[in-house]
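Since the structure comes first, as structure tokens, the remarks are kept for the end.
2 protein chains.
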Amino acid sequence: MTQRLSADDRRRQLIGIGLQKLVERPIHELSLDEVATEAGISRGLLFHYFPTKKDFYVAVLEAAARRLLKQTAPDPEAAPAAQLHQSLDAFVAFLERRREPYLALMRGTAGGADYVIQVHEDTRAAFTGRVHDALGPESETPRVRLLVRGWFSLVEDTALEWARDRPLPREELIELLMGSLTALLSTADPDLAGRLEAEEA
Amino acid sequence: MTQRLSADDRRRQLIGIGLQKLVERPIHELSLDEVATEAGISRGLLFHYFPTKKDFYVAVLEAAARRLLKQTAPDPEAAPAAQLHQSLDAFVAFLERRREPYLALMRGTAGGADYVIQVHEDTRAAFTGRVHDALGPESETPRVRLLVRGWFSLVEDTALEWARDRPLPREELIELLMGSLTALLSTADPDLAGRLEAEEA
DNA sequence: TACGCTTCTTGAGCACTGCTCAACAGCCGG
DNA sequence: CCGGCTGTTGAGCAGTGCTCAAGAAGCGTA
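Line by line, the protein sequences are chains F and V.
Here the first sequence is numbered in UniProt numbering, starting from 1 and rising by one per residue.
Here the second sequence is numbered in UniProt numbering, starting from 1 and rising by one per residue.
The following block contains the structure:
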């Protein structure tokens, strides 16, 4: 009946189905049964590739996170502050386009499910890393790190909230978010904050 | 065998068990079977009180949220800015004490499960309401509302992260969080920000 | 062509979950 | 003493994640 595929192809196919389903509903509501049916294979086979439901979910979530990071990757040629601005813009655009799946991705099942937390954590680390890159190595202090991390939460939440009814124009949101970062940084180290603004001009 | 209880008592008992279990593990990992056994009743009876797993979870989550709001309620006698400071302090203390359950409570299963989102949303609304109370009615603009909401995310996330290894003294964290709020507000309306600091002095 | 090995694949089956439902049992007012 | 309300049970169903022994497709080798 079913086509016999190579291990890699099958894995890709299954993860693809997972990604596609992720758009429609949170991942923990996705039954492996459904995935197997969609792929036209038996449930047993799914467990051959992903020994555990969790393993499958992790693979799907990681693929989704990779996609997000790729779509928001800054242009390495640009100035640090400009990179940040651009990356933030892409991030907001991503959330605007995929509000639901992002929620499902990053919040879905979290808390309890450590693996979702881990993926979220890694994504956040990638983003805050970009900020620290733009700020320079002196920004690696406990205070600043907490602030930058906190800023990212603010960005995530604000953008998701904004995407619901877009109470302000998009550029204003971006400026508000960038302004938030410099404002936050200036409470810890005015130099750092100034650096960002200076470079951007 | 089992004691025959009034409807109210039974509900209270079951929610109590839920709260207690919430401390140990995320709510969506809690099977109704287990709750029933713990209560010494049949599974069927549980469904008499809570027609759906979701209904039970909502009841437990709401009870937990009420407890949180109560424990962080500001003293209505104090000055607005002082109320905010105190409420924030209590909030951080709460997260410090109950990091895991809070994660399980607010992030657990969220995203997918709309009911968890709703409880979280309500809790957030209560907190941001306190901030707007302290700031006065002029603070009810789209920009400020987004900022205040974003600030709450920052507080939540930063406090949870801080609670892991407490990289700075507690008072410093509180000051950092309060400072963040005034810094954020000053990007939208210097007057509002100033008001907060002036009153606190 | 035939063999054998690897690897993909199946399907039955287990334990547990959320949930339904018809029947029972304790308690009340009359 | 009885009728009815309501807390309570237990059997049972469908769906879930997961296991496992056995089958079948492909491919190299003789």
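For every residue, glycine included, the Cβ atom is placed at its ideal position computed from N, Cα and C.
Since this is a predicted model, take the numbers as computed values, not measurements.
8 Å CB neighbourhood of residue i in its chain, flanking five on each side removed
i	result
residue 5/F	13
residue 205/V	Here chain V comprises residues numbered 1 to 201, so residue 205/V is not present and cannot be evaluated.
residue 94/V	68, 71, 72 and 102
residue 262/V	As displayed, chain V neither begins before 1 nor continues past 201, which places residue 262/V out of reach and without an answer.
residue 126/F	69
Proximal residues of chain F, C-beta to C-beta of residue i below 9 Å
i	result
residue 158/V	146, 147, 149, 150 and 153
residue 143/V	167, 168, 172 and 176
residue 34/V	Result: empty, since nearest Cβ-Cβ is about 15 Å, beyond 9 Å.
residue 77/V	Result: empty, since nearest Cβ-Cβ is about 29 Å, beyond 9 Å.
Residue range of the unbroken alpha helix (DSSP H) whose run includes residue i
i	result
residue 42/V	It is not in any alpha helix (DSSP H) - residue 42/V carries neither H nor E in the DSSP assignment.
residue 153/F	142–165
residue 101/F	99–102
residue 213/V	Residue coverage of chain V in this structure runs from 1 to 201, which leaves residue 213/V outside it and unanswerable.
residue 136/V	First-last for residue 136/V: undefined, no H or E at that position.
Chain-ordered chain F contacts of residue i [CB-CB under 7 Å]
i	result
residue 179/V	187
Any non-hydrogen atom of the ligand COA within 7 Å of residue i CB
i	result
residue 18/V	With respect to the ligand COA, the structure offers nothing, as it holds no ligand at all.
Within 8 Å, strictly: CB atoms of residue i and residue j
i	j	result
residue 188/F	residue 130/F	no
residue 153/V	residue 180/F	no
residue 36/F	residue 46/F	yes
residue 86/V	residue 74/V	yes
residue 134/V	residue 68/V	no
residue 15/F	residue 39/F	no
residue 54/F	residue 115/F	yes
residue 57/V	residue 11/V	no
residue 161/V	residue 170/F	no
residue 43/F	residue 33/F	yes
residue 177/V	residue 139/V	no
residue 99/V	residue 163/V	yes
residue 41/V	residue 104/V	no
Nonlocal neighbours in the same chain, by C-beta distance under 7 Å from residue i, ignoring five residues either side
i	result
residue 19/F	60, 63 and 64
residue 184/V	147 and 151
residue 106/F	120
residue 132/V	139, 140 and 148
residue 182/V	193, 196 and 197
residue 186/F	193
Chain V contact residues for residue i, given Cβ-Cβ distances below 7 Å
i	result
residue 96/F	The contacting residues do not exist; residue 96/F stays about 15 Å from chain V at best.
residue 140/F	Those do not exist, as residue 140/F stays about 12 Å from chain V at its closest Cβ, beyond 7 Å.
residue 24/F	Near residue 24/F there are no residues of chain V at all, since even the closest Cβ is about 11 Å away, more than 7 Å.
Chain-ordered chain V contacts of residue i [CB-CB under 9 Å]
i	result
residue 184/F	154, 179, 180, 183 and 184
Neighbour list for residue i in chain V, Cβ cutoff strictly below 8 Å
i	result
residue 62/F	Neighbours of residue 62/F on chain V: none; closest Cβ ~17 Å, over 8 Å.
residue 197/F	Within 8 Å Cβ-Cβ: nothing; residue 197/F doesn't reach chain V, min ~12 Å.
6 Å Cβ shell around residue i - same chain, five flanking residues per side excluded
i	result
residue 92/V	159
residue 89/V	174
residue 155/F	177
Interface residues of chain F facing residue i [CB-CB closer than 8 Å]
i	result
residue 38/V	Chain F residues near residue 38/V: none, gap ~19 Å exceeds 8 Å.
*For the UniProt domain "HTH tetR-type" (8–68) of chain F, list the alpha helix (DSSP H) runs that are entirely contained and at least 4 residues long, ordered along the chain.*
Complete alpha helix (DSSP H) runs here, min 4: 32–39 and 43–49.
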